[in-house]
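These notes concern the structure reproduced below.
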Amino acid sequence: MFDFVHKHKKIIQLILAVLFVPFMFSGVSNLSSDATAADVVAKVGQQDITAAMFERRYQQYIDAKRVALGDAFDQSAFDTPDQRILFLNEMVNQFAISEAVKAGHLTVGDAQVLAALLKDPNIKRDAQGNVDRAAYESLLKNNNLTEAQYESTVRASLAEGLLRQMATSGFSLTPLQKSTLTELLTRVRVVEMKSVDLTPYMDKVKVDATQVEQYYKAHTAQFTKTESFDVDYAVIPVLPANYVPTDDDIKAAFGGTPSAEDIDKVRKDSALLKEVVSKVAASKMEGVAKLIDEASGKAPQDLAAIASRFGGTVETFKNLSREGGAHLPDALKSNEVRLALITGPQVAAQAISSPVKANGTSLIVGRVTKQTQAGLLPLADVLAEIEKTLKQEAVLALARDEAKKQIAGMNASQSIGPKMMVGPLLNNVLSSKTVGQVLAVASKDLPQLLVSEESNSVSILRVVGEQSADTAADKSNALPSSLQQWSDLSGVLQQRAYLQQLRERLGVKLYPERLGSLDKSKV
């Protein structure tokens, strides 16, 4: 088999390159270094990343995202300075590793090439189990890639994979680390808890205007919002509920002159019947949309009347943004729908928007009831929220201080409530901060009383003692996965540290101010 590798060196490189097609189009070979200073957006060792190179790769990234996300794709979410800088940093990391490969003289031997070749289940073979040469030559031709490109890129990509493994291999958990973590993660303590009643402290707390203003100024990031809209909307069905297609509908949907038997078959096939309904709805949408526009023109803000007349229901959604975001109702997930509702002259007038397609059988209309401009929210808009937060913090502080005074006169040997077990891997009713408090008490000081403060409560805890090791192990079924998470996390952190050191060693320089904006004509 190694003879095959030597005899068909170029073909094997073609095979492996096919395995790394994504890398081929975003790789780091054949870099140009003759760009003028104004064209360079980053320098990595002896390599330059030019503005044209960045734009080409970024456009490929955008195109891939558009295909992957389909209707959910929103170009405005990608055409931002932050997104472009993040992408530039990813390119810099790729180029930095490429430089390290060259400097480290890392090579991929025939054995590694052959191993990669044999592991791919998609590689075609002939009757003797050898690689089908004709199939690989066809792949090369179809991808418009030369053997020279494969020669440089495939070997480099495999070598970079080795380098990444080397970068992350140093932080595997040692036996001592694993033993220490196991002991910590499986610790379980017996605790009693007595909640503090916050009611008596409510009337003692007063929040004045100065406190509110100070909090507002200290938390501007919290109160800085993107542009958002409160909207009322209604999904209007084009056809009546449970619409049953007529024979004429079925004939129009499929054409020709179907027999009664053919029509009966369609009625018994739910998929075909659904297709008929969609086609009937599509034929009626334009007419229904015109009727809605006519009605809204007479009463531009009366969405309830439109919904009532056309069989819809008015719904409300607050803080809708152009980008969408999480927790959107299905009706507002489409970019086209959102833009129709919150863009145009009707927004300022709080008038009803023109109807747009919501789905295969419905239209959607709506009106903006409130528009919040991007920027720092006025103090008046967040006053109640700030007052509530400050009062809550003050109440908790009073209760905490009072509880600390109370435990000073209590006997730690006396029970204060039912017992429960607390540990890092248990399903605790307490926060991780409080669990940390419990575990931080030295064993020699048990039992001990302490005060715990959660986000909206204060409690007195009595840490009674340790749970037996056997019981602790039984309660810690999540230990293996937790240890793996620690190991994975340490590897990620180590790789980040390695890349940072590599960038410093190569004297990486970034010029983000030279990045342009996305070409809208290509999106």
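To convert, count from 1 in the sequence shown and add 868; that's my numbering.
All residues carry an ideal CB built from backbone N, CA and C; glycine is no exception.
Can you tell me where the alpha helix (DSSP H) holding Val-1297 begins and where it ends?
Counting along the chain, Val-1297 falls outside any alpha helix (DSSP H), and DSSP gives it neither H nor E.
For the structure I just gave you, are there three or more beta carbon pairs, one from the region 1213-1223 and one from the region 1231-1249, closer than 8 Å?
Output reads yes: the region 1231-1249 touches the region 1213-1223.
Please report the residue range of the alpha helix (DSSP H) in which Ile-1160 lies.
Where Ile-1160 is concerned, the enclosing alpha helix (DSSP H) stretches over 1138-1166.
Report, in whole angstroms, the separation of the C-beta atoms of Phe-1178 and Leu-1200, which I expect to be a contact under 8 Å.
Incorrect: roughly 19 Å between the Cβ atoms, too far for contact.
Tell me whether the beta-carbon of Ala-1217 lies closer than 8 Å to the beta-carbon of Pro-1168.
The answer is yes: Cβ separation under 8 Å.
With DSSP collapsed to three states, give me the class of Leu-1258.
Three-state DSSP puts Leu-1258 in a helix.
Among all the DSSP beta bridges, which residues are the ones paired with Lys-1225?
Paired residue(s): Leu-1231.
Which residue's Cα is closest to the Cα of Ser-966: Glu-1334, Thr-918, Val-912?
Considering only alpha carbons, the answer is Val-912.
Which of the three DSSP states is assigned to Pro-1380 in this structure?
Note: Pro-1380 maps to helix in three-state DSSP.
Could you compute how far the alpha carbon of Ala-1280 sits from the alpha carbon of Pro-1315?
Taking the straight line from one Cα to the other gives about 6 Å.
Below 8 Å on the Cβ atoms is my guess for Ala-1271 versus Ile-1328; work out the distance and round it to an integer in Å.
Contact flag correct, Cβ pair sits at about 6 Å.
Can you find the residues in the same chain that come closer than 6 Å, C-beta to C-beta, to Gln-1214, ignoring five residues on each side of it along the sequence?
Excluding positions up to five away in sequence, the list reads Ser-1221.
Ends of the beta strand (DSSP E) at Gln-1316?
Looking at the DSSP string, the run of the beta strand (DSSP E) that includes Gln-1316 is 1316-1321.
Going by C-alpha to C-alpha distance, which of Tyr-926, Ala-1002, Ala-1139, Ala-1086 sits closest to Leu-956?
The option with the nearest alpha carbon to Leu-956 is Tyr-926.
Buried or exposed: Leu-937, going by 16 or more other Cβ atoms within 10 Å of its Cβ?
Counting Cβ neighbours within 10 Å, Leu-937 comes out exposed, since fewer than 16 surround it.
Is it true that the CB of Arg-952 sits closer than 8 Å to the CB of Val-1292?
Reading the sequence as shown, one finds Pro at residue 1292 and not Val. Going by C-beta atoms, Pro-1292 is not nearer than 8 Å to Arg-952.
Using only alpha-carbon positions, find the residue among Asp-1198, Lys-1062, Glu-1095, Thr-1211 that is nearest to Ser-1189.
The shortest C-alpha separation from Ser-1189 is found at Glu-1095.
Three-state secondary structure (DSSP) at Lys-1273?
In the structure shown, Lys-1273 sits in a helix (DSSP, three-state: H, G or I).
Counting Cβ pairs, one atom from each stretch, are 3 or more of them under 8 Å apart for the region 1145-1154 and the region 1105-1123?
Verdict: yes, contact present.
What did DSSP end up calling Ile-1104 once you bin it into helix, strand or coil?
Three-state DSSP puts Ile-1104 in a strand.
Measure how close the beta-carbons of Leu-1370 and Ala-968 come, nearest whole angstrom, since I'm counting them as under 8 Å.
About 6 Å; that satisfies the 8 Å criterion.
Pull up the CB-CB distance for Tyr-1084 and Val-1263, whole angstroms please, since I reckon it's below 8 Å.
In fact, because the Cβ distance is near 20 Å, the residues do not count as touching under 8 Å.
Kindly indicate which three-state DSSP category Arg-1371 falls into: helix, strand or coil?
Helix.
Using the Cα positions of Ala-1276 and Ser-1320, report the straight-line distance between them to the nearest angstrom.
For Ala-1276 and Ser-1320, the distance between alpha carbons rounds to 15 Å.
When DSSP labels each residue in this structure, what does Ala-910 get in the three-state scheme?
Strand.
Whether or not the region 1154-1161 and the region 1231-1251 are in contact is what I'm after, with contact meaning three or more pairs of Cβ atoms, one per stretch, closer than 8 Å; do they touch?
Yes, they touch.
Could you check the C-alpha separation between Arg-1057 and Lys-1301 for me, to the nearest Å?
When rounded, the distance between both Cα atoms is 15 Å.
With distances taken Cα to Cα, identify the nearest neighbour of Phe-1091 among Leu-1251, Asn-1203, Tyr-1101.
Phe-1091 has its Cα closest to that of Leu-1251, out of Leu-1251, Asn-1203, Tyr-1101.
In its own chain, which residues sit with a C-beta less than 6 Å from the C-beta of Phe-922, not counting the 5 before and 5 after it?
Hits under 6 Å: Val-909.
If you measure between the beta carbons of Pro-1073 and Glu-1255, is that distance less than 8 Å?
Pro is not the amino acid found at residue 1073; the sequence shown has Val there. Result no, Cβ atoms of Val-1073 and Glu-1255 do not sit closer than 8 Å.
For a test of the three-state rule: what should DSSP assign to Lys-1072, helix, strand or coil?
Three-state result, Lys-1072: coil.
If the criterion is Cβ atoms closer than 8 Å, does the pair Val-1064 and Val-1303 meet it?
No, the Cβ-Cβ distance between Val-1064 and Val-1303 is not below 8 Å.
Quick one: is Gln-1169 near chain B, going by C-beta distance under 8 Å?
Absent from the structure: chain B. Only one protein chain is present.
If you run the structure through DSSP and keep just helix, strand and coil, what is Phe-1097?
Residue state, collapsed to three classes: strand.
Do you know whose CA, among Val-1103, Ala-1086, Ala-1219, lies nearest Ser-1164's CA?
Ranking the options by Cα distance to Ser-1164, first place goes to Ala-1219.
Output yes or no for whether 8 Å exceeds the beta carbon distance between Val-1126 and Lys-1136.
Residue identity check: residue 1126 is Pro in the sequence provided, not Val. Not in contact: Pro-1126 and Lys-1136 (Cβ atoms no closer than 8 Å).
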